[in-house]
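Sequences listed follow chains A and B, in order.
Quick note on numbering that gives the first Met the number 0: the first sequence kicks off at 0 and runs consecutively.
Quick note on numbering that gives the first Met the number 0: the second sequence kicks off at 0 and runs consecutively.
Step one of this worksheet: look at the structure below.
There are 2 protein chains.
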Amino acid sequence: MRHNGRLHNGRPRRSIPEACVERLSLYMRELTQRQHQRVGFISSRRLAQDLGITDAQVRRDLSYFGQFGTSGRGYEVQRLRATLGRILGIQGRIWHVALAGVGNLGSALLAYQGFQDRGFVFRLAVDSDPQKVGHAMGNLTIEASHHLSALVQRRDIHIGMIAVPTDEAQAVCDQFIEGGVKAIVNFASARLDVPPSVLLRNVDLAIELEAMAFYLS
Amino acid sequence: MRHNGRLHNGRPRRSIPEACVERLSLYMRELTQRQHQRVGFISSRRLAQDLGITDAQVRRDLSYFGQFGTSGRGYEVQRLRATLGRILGIQGRIWHVALAGVGNLGSALLAYQGFQDRGFVFRLAVDSDPQKVGHAMGNLTIEASHHLSALVQRRDIHIGMIAVPTDEAQAVCDQFIEGGVKAIVNFASARLDVPPSVLLRNVDLAIELEAMAFYLS
DNA sequence: CACTGTGAATGCATTCACAGCG
DNA sequence: CGCTGTGAATGCATTCACAGTG
Chain A
0 MRHNGRLHNG RPRRSIPEAC VERLSLYMRE LTQRQHQRVG FISSRRLAQD LGITDAQVRR
60 DLSYFGQFGT SGRGYEVQRL RATLGRILGI QGRIWHVALA GVGNLGSALL AYQGFQDRGF
120 VFRLAVDSDP QKVGHAMGNL TIEASHHLSA LVQRRDIHIG MIAVPTDEAQ AVCDQFIEGG
180 VKAIVNFASA RLDVPPSVLL RNVDLAIELE AMAFYLS
Chain B
0 MRHNGRLHNG RPRRSIPEAC VERLSLYMRE LTQRQHQRVG FISSRRLAQD LGITDAQVRR
60 DLSYFGQFGT SGRGYEVQRL RATLGRILGI QGRIWHVALA GVGNLGSALL AYQGFQDRGF
120 VFRLAVDSDP QKVGHAMGNL TIEASHHLSA LVQRRDIHIG MIAVPTDEAQ AVCDQFIEGG
180 VKAIVNFASA RLDVPPSVLL RNVDLAIELE AMAFYLS
């Protein structure tokens, strides 16, 4: 990421593999599904099978955070799910998100239900196009990107998402940082400069496709 | 991804690190920019600095594919760019892409200029919503997803992109495979089953955010 | 018995460090 | 010189394999 798409300013935080953290989300999703099916316990083997990884991997991943399993039975679905939610920081926590750039991609991000479900709430959407300013998007009104940093600060934004054209990306990024965001997700295919205290994640669709083309040819 | 977002059915192809392949795209982008600036040669140090990685990494990555540098001078920008383009399979090659699901995200994908620039051309877009069928999107008309596999086959599609709701994803995936696609990029947060001969890449935005929340909290 | 949790072993990826070249 | 290309060393991540437990 990662893709590309991979974490940039990787804080150590007790030497937990980055890949493990990403899998935590997958475990969450699977456990949620199992919980709906009223499954009480699940073994590492079963969980692994559903996710297409090995059972040893599941046990190792979970062991980084403690001992949640019962010998001979597996993991208690409900309890493990709650625990992972807390570990991931999405349990009982609301993250304030700002979006810069309300084009097609930006609109898709605003509309994406998966974010709300996990406690990520858009509190600000800006666009440099005066045509778009004032339009409603969901429960938000698109605002001008003038004084972006002030808006970010006033709305107490934690995470900034950048979905603007490449050449505007760094400027938006700087404003986000000035406004005090702690993390940035960048969808523009620009290399962004951020201080080490700010988490940066790049998501680049073209890189996904190009990597694929390599393996295809 | 890879994010998750990571390659799934990783063919070996001479043991080149997957991470290296993803960086190839970054090198390409940087070289293209340098070429426009009329830069003749560039050193691994310079290239690395621009991309935020080490110079040893750059040299190692390139060395997997051959020896392109000149001692004391660095790499010839134009030649290296052409070579990498060939290696990535995007030089003089057109990839046919189909999109399933023309919601916000699907529309963003269709509109994304970066794909066209790199030789990825949408030749088919389908949606299960009859309201949308018949509407024009760029130079494409949205079609019904009935007989998707036949459409895929007839249009000689290489790569399928899935941007439909989670519960429709596997069905679309099966149709793509039946139609003969060689690779699938999945934007739905569903675990897809594919035969080992088909390349699968998952891009999951929620995972990106959740990983970030972990490091934030 | 069916499972977990984890040292030890393996397998990747990155970085070091330097010989060798233009 | 300044720079590449690459063995050797290090550092991560995954898997093996099994002692230990309810």
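A virtual CB, placed ideally from N, CA and C, is assigned to each residue, including glycine.
A quick note: this is a predicted structure, and the numbers were derived from the prediction, not measured.
Exposure of residue i, with buried meaning 16 or more beta-carbon neighbours within 10 Å
{"i": "B/A212", "result": "buried"}
{"i": "B/E177", "result": "exposed"}
{"i": "A/R217", "result": "Residue 217 of chain A falls outside the range modelled here, since chain A spans only 0 to 216, and no answer is possible."}
{"i": "B/H157", "result": "buried"}
{"i": "B/G159", "result": "buried"}
{"i": "A/S70", "result": "exposed"}
{"i": "B/R80", "result": "buried"}
{"i": "A/S196", "result": "exposed"}
{"i": "A/R78", "result": "exposed"}
{"i": "A/P16", "result": "exposed"}
{"i": "B/R59", "result": "exposed"}
{"i": "A/I55", "result": "The question names Ile, but residue 55 of chain A is Ala in the sequence shown. So A/A55 ends up on the exposed side."}
{"i": "B/G84", "result": "buried"}
{"i": "B/R33", "result": "buried"}
{"i": "B/G65", "result": "exposed"}
{"i": "B/S106", "result": "buried"}
{"i": "A/G133", "result": "exposed"}
{"i": "A/S144", "result": "buried"}
{"i": "B/R200", "result": "buried"}
{"i": "B/H35", "result": "exposed"}
Identity of the residue in the options nearest residue i by Cα
{"i": "A/M27", "options": "A/I158, A/S106 and A/I89", "result": "A/I89"}
{"i": "B/L150", "options": "B/A170, B/D166, B/F175 and B/L139", "result": "B/F175"}
{"i": "B/M136", "options": "B/G84, B/L109 and B/S24", "result": "B/L109"}
{"i": "B/Q112", "options": "A/H35, A/S14, A/N103 and A/D116", "result": "A/N103"}
{"i": "B/R117", "options": "B/R44, B/R92, B/I52 and B/E29", "result": "B/R92"}
{"i": "B/S24", "options": "B/L87, B/V180 and B/V57", "result": "B/L87"}
{"i": "B/A168", "options": "B/A182, B/K181 and B/S188", "result": "B/S188"}
{"i": "A/L191", "options": "B/G51, B/S148 and B/H35", "result": "B/G51"}
{"i": "A/F67", "options": "A/S43, A/T53, A/D49 and A/A47", "result": "A/S43"}
{"i": "B/P194", "options": "B/I141, B/Y74, B/G179 and B/Y63", "result": "B/G179"}
{"i": "A/F186", "options": "B/E29, B/S216, B/L208 and B/T165", "result": "B/L208"}
{"i": "B/Y63", "options": "B/S14, B/T53 and B/L46", "result": "B/S14"}
{"i": "B/G73", "options": "B/V171, B/L30 and B/L147", "result": "B/L30"}
{"i": "B/A170", "options": "B/K181, B/S148 and B/A182", "result": "B/S148"}
{"i": "B/A182", "options": "A/K181, A/A210 and A/C19", "result": "A/A210"}
{"i": "A/A18", "options": "A/L139, A/K131, A/Q48 and A/V57", "result": "A/V57"}
Integer-rounded CB distance, given that residue j should sit under 8 Å from residue i
{"i": "B/H95", "j": "B/D155", "result": "6 Å"}
{"i": "B/V184", "j": "B/V202", "result": "6 Å"}
{"i": "A/Y214", "j": "B/L198", "result": "6 Å"}
{"i": "B/I206", "j": "A/E21", "result": "6 Å"}
Practice problem: Could you run through the region 173-185 of chain A and flag, in chain order, every residue whose CB is less than 8 Å away from some CB of chain B? | Solution: Residues of the region 173-185 of chain A whose Cβ lies closer than 8 Å to any Cβ of chain B, in chain order: K181, A182 and V184.
Quiz item: Taking Cβ-Cβ distances below 7 Å as the criterion, which residues of the region 72-83 of chain B are in contact with chain A?
Solution: If the cut-off is 7 Å between Cβ atoms, the region 72-83 of chain B has nothing near chain A.
Self-check item: Chain-ordered residues of the region 90-119 of chain B with a beta carbon less than 9 Å from chain A
Solution: Within the region 90-119 of chain B, the residues whose Cβ lies closer than 9 Å to some Cβ of chain A are R92, W94, V96, G102, N103, L104, G105, S106, A107, L108, L109, A110, Y111, G113, F114, D116, R117, G118 and F119, listed in chain order.
Exercise. Give a yes or no on contact between the region 37-48 of chain B and the region 82-100 of chain B, applying the rule of three or more CB pairs nearer than 8 Å.
Key: The region 82-100 of chain B and the region 37-48 of chain B do not touch, with fewer than three beta-carbon pairs separated by less than 8 Å.
Quiz item: Is the region 126-141 of chain A touching the region 116-126 of chain B in the sense that three or more CB pairs, one from each, lie closer than 8 Å?
Solution: Contact fails: fewer than three Cβ-Cβ distances are below 8 Å.
Quiz item: Between the region 194-209 of chain B and chain A, which residues of the former have CB atoms less than 9 Å from a CB of the latter, in chain order?
Solution: Residues passing the 9 Å Cβ filter: L198, R200, V202, D203, L204, A205, I206, E207, L208 and E209.
Exercise. With 9 Å as the C-beta to C-beta threshold (strictly closer), list the residues of the region 46-64 of chain A near chain B in chain order.
Key: Cβ contacts with chain B: D49, L50 and G51.
Exercise. Using a Cβ-Cβ cut-off of less than 9 Å, give me the residues of the region 134-146 of chain A that come near chain B, in sequence order.
Key: None of the residues of the region 134-146 of chain A has a beta carbon lying less than 9 Å from any beta carbon of chain B.
Quiz item: What are the residues of the region 147-159 of chain B that lie near chain A, defined by any Cβ-Cβ distance shorter than 8 Å?
Solution: Against chain A - using a Cβ distance shorter than 8 Å - the residues of the region 147-159 of chain B are H157 and I158.
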